[in-house]
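Asks:
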């Protein structure tokens, strides 16, 4: 009996430390961003001054808009590429199909971001693809980095709904390829698309390594501004972290809300079967 | 064959299909007449589903042609073939209600809203699902799901109905009930139907004609009674129902050729063309065999084989008796329980059957 109590206690202590270990580094900049002064252990004073600064200073405001624009564009590109790609690769039979399915799930995840960045710099620095430094290239880079996450989720969605049979049923009922996508497949894989979009969006909003390598003079994303501010204006840097975290959380909440709505029919399934 | 009133509802002409090195369907030819229900019956991997999928348009045959009501459809995509299909795993659209599922083909065909509502109500009434329109299909039982799938397949008034093992995923009781309903519905609508199953009982009970398939080839085509009582190959005989075999060599006797089976001489059914020295088998169904406890009780002209009673299983209306023969083979006999005979294990008995109830199989040409 006593032994169990001790074991239980140890487990809880370990859990608390684990949570602190994960949360503390994330929490510190947030607390810092709302404080006027932080010299000792406990911060002093509450202020939103540093956040207001971001919205008032054109440089930061512009950076936020750029980040959102790049993230949304990267998501759009990945949806546009991954939905047809996952559909096609899911249909491939035999060994080639299995190979492609696993390859696209990890590609380019297995390459370090610095290598991907180098690749982008080298591939796009001479005509006819001299896009180095352009915002469009940042969008392509983010879409590339996000690709496996979108692909993975959409492919899983196609696999769980037994796409082939649903498509055949729809075809036998007179639906052509476009109608099968529009009325049957897309409504059923939308939770996968949304989950993928969330991940790509979050990855893009926080991306630093590749972006810093291809960044031009005309634009800065939020993570780049954050890095610059760390040196001279650590308060504003904290506020930028706060905004990035808030965007991620908002995106997450939004996606969860939509996917529970869309997946409501599916959730009901489980209840009915049990 | 071209278009015209005389053409069959479905004509499959010399169709072959292989997947890699595996021959799925080989030189398959079949005509299905208007309003008929034809079953493709066979073990898994015999090519029955591939044949159905070729008719539906989901697979392209390597060679051969397919006609529906006289029009060649070999290269027509499934959405323009005007066929209704019911799948083994229902294939209902999970994000739609019962109403939306049944309305789907009409919505695609851009029918007016009022017509769609009327038709959906009509077809849901046909499959006895009235009142479930607003349910999501994921909330239904297996039997209800397949009824929705049936209503959906029929909603566009297709020229032919294709069913791919529609009852395999259901409980035994619902299976029997639903197969009767499918047959009644099919006859009521007069719709030409191709039905794939591996369940011989299902095939026997609902078909106008049965096509028994094995390894991509047709073994036999015929009405259920012919398939059951006059199987043409050993495969058909053993796949459809239970068949007891007596195999041996034909010998010449004063009463014409007979089968020498150990110490017994068994007569062939009249009209059987058997030459002396030929290796042949006599097949007899369990319900065509009779049990006699004494040699004298055997009717005149019957073939007789002595044996010993083994396992006896009581099945309600019949009793299935296994009889061990002299050479160790076991023969199954169905004895109606109304005859009030109770064979005991170890009892010496005589099996007898009229030669006319036996089917002759020549071992030399069992298969192609």
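Residue numbers (my numbering), protein chains in the order written: chain A, 1 to 274; chain B, 275 to 642.
Just so you know, even glycine gets a beta-carbon here, dropped at the ideal spot from N, CA and C.
1. Under 6 Å Cβ to Cβ from residue 150/A, same chain only, skipping five residues before and after it: list those, please.
2. On the DSSP bridge assignment, give the partners of residue 535/B in chain order.
3. Run the CB neighbour count on residue 488/B, radius 10 Å, all protein chains shown included, and call it buried at 16 or more, exposed below.
4. Give me the Cα-Cα distance between residue 619/B and residue 581/B, rounded to the nearest whole angstrom.
5. Using a 10 Å radius around the Cβ and a threshold of 16 neighbouring Cβ atoms, would you call residue 123/A buried or exposed?
6. Grouping DSSP H, G and I as helix and E and B as strand, with all else coil, what is residue 188/A?
7. For residue 421/B, which residues in the same chain have their Cβ closer than 6 Å to its Cβ, ignoring the five residues on either side in sequence?
8. CB residue 141/A to CB residue 365/B, shorter than 8 Å?
9. Excluding the 5 residues preceding and the 5 following residue 156/A in the sequence, name in chain order all residues of the same chain whose CB lies nearer than 7 Å to its CB.
10. Distance check for residue 557/B and residue 452/B, CA to CA, integer angstroms please.
11. Taking 8 Å as the threshold (C-beta atoms), are residue 634/B and residue 548/B in contact?
12. Would you mind stating whether residue 427/B and residue 435/B have Cβ atoms separated by less than 8 Å?
13. Could you list which residues in chain A have their beta carbon closer than 8 Å to that of residue 541/B, in chain order?
14. Tell me the rounded alpha-carbon separation between residue 256/A and residue 178/A.
15. From which residue to which residue does the alpha helix (DSSP H) around residue 60/A run?
16. Residue range of the beta strand (DSSP E) that residue 375/B falls in?
17. With distances taken from CA atoms, which of 3/A, 90/A, 113/A and 230/A is nearest residue 203/A?
18. With a threshold of 8 Å between beta carbons, is residue 163/A in contact with chain B?
19. Give the interface partners of residue 187/A over in chain B, defined as CB-CB distance under 7 Å, in chain order.
20. In whole angstroms, give me the CA-to-CA distance for residue 531/B and residue 539/B.
21. Is residue 268/A close to chain B, meaning its C-beta is less than 8 Å from at least one C-beta of that chain?
22. Cutting at 7 Å between CB atoms, please list the residues of its own chain near residue 174/A, excluding the five before and the five after it.
23. Run through chain B and tell me which residues come within less than 7 Å of residue 174/A, C-beta to C-beta.
24. Does the beta-carbon distance from residue 579/B to residue 572/B come in below 8 Å?
25. Any beta carbon from chain A within less than 8 Å of residue 363/B's own beta carbon?
26. List the endpoints of the continuous alpha helix (DSSP H) containing residue 226/A.
27. Can you name the residues of chain B whose CB is closer than 7 Å to the CB of residue 141/A?
28. Go ahead and pull the three-state DSSP assignment for residue 551/B.
29. CA-CA distance, residue 352/B and residue 164/A?
30. Are three or more beta carbon pairs between the region 560 to 569 of chain B and the region 591 to 606 of chain B nearer than 8 Å?
31. Going by DSSP in three states, residue 366/B sits in which element: helix, strand or coil?
32. If you measure beta-carbon to beta-carbon, which residues of the region 314 to 336 of chain B are closer than 7 Å to chain A?
33. Considering only their Cβ atoms, is the gap separating residue 226/A from residue 240/A smaller than 8 Å?
34. Return helix, strand or coil for residue 282/B, following the three-state DSSP convention.
35. By DSSP's criteria, residue 519/B is part of a beta bridge. Which residues make up the other side?
36. Rounded to the nearest angstrom, how far is the Cβ of residue 325/B from that of residue 341/B, given a contact under 8 Å?
Replies: Looking at the coordinates:
1. Counting only Cβ-Cβ distances below 6 Å, and skipping sequence neighbours, we find 78, 82, 196 and 200.
2. In DSSP, residue 535/B forms a bridge with 538/B.
3. With a threshold of 16 other beta carbon atoms within 10 Å, residue 488/B meets it and is buried.
4. Rounded to the nearest angstrom, the two C-alpha atoms are 11 Å apart.
5. Under this definition residue 123/A is an exposed residue.
6. It is helical.
7. Taken in chain order, the residues that qualify are 401 and 403.
8. The criterion of a C-beta distance shorter than 8 Å is not satisfied by residue 141/A and residue 365/B.
9. Cβ within range, chain order: 192.
10. Taking the straight line joining both Cα atoms gives about 33 Å.
11. Cβ distance < 8 Å, so residue 548/B and residue 634/B count as in contact.
12. For residue 427/B and residue 435/B, yes; Cβs fall inside 8 Å.
13. Contacts between residue 541/B and chain A, judged by CB atoms closer than 8 Å, are missing: the closest CB pair is about 53 Å apart.
14. Rounded to whole angstroms, residue 256/A and residue 178/A show a C-alpha spacing of 28 Å.
15. Unbroken alpha helix (DSSP H) run through residue 60/A: 58 to 91.
16. Element bounds for residue 375/B: not the beta strand (DSSP E) but the alpha helix (DSSP H), 372 to 382.
17. Nearest C-alpha to residue 203/A: 113/A.
18. Among the CB atoms of chain B, none fall inside 8 Å of the CB of residue 163/A.
19. Result: 369.
20. Take the alpha-carbon of residue 531/B and the one of residue 539/B: they are about 9 Å apart.
21. In this predicted model, residue 268/A has a pLDDT of only 41, less than 50, meaning its place in the structure is not dependable; the value taken from the coordinates is given anyway. Yes, contact with chain B.
22. Excluding the 5 residues flanking it on each side, residue 174/A has no same chain C-beta neighbour closer than 7 Å.
23. Per Cβ cutoff of 7 Å: 353, 379, 382, 383 and 430.
24. Result no, Cβ atoms of residue 579/B and residue 572/B do not sit closer than 8 Å.
25. So yes, residue 363/B belongs to the interface.
26. Unbroken alpha helix (DSSP H) run through residue 226/A: 222 to 232.
27. Neighbours of residue 141/A on chain B: none; closest Cβ ~35 Å, over 7 Å.
28. Residue state, collapsed to three classes: coil.
29. Near 13 Å, if we compare the C-alpha coordinates of residue 164/A and residue 352/B.
30. The region 560 to 569 of chain B, when compared against the region 591 to 606 of chain B, does touch it at the 8 Å Cβ threshold.
31. DSSP places residue 366/B outside both helix and strand once states are collapsed to three, so it counts as coil.
32. Here the close residues are 330 and 332.
33. A contact, by the Cβ cut-off of 8 Å.
34. If DSSP states are grouped into helix, strand and coil, residue 282/B belongs with coil.
35. In the DSSP assignment, the residues bridged to residue 519/B are 557/B.
36. Not really, about 14 Å apart at Cβ, beyond 8 Å.
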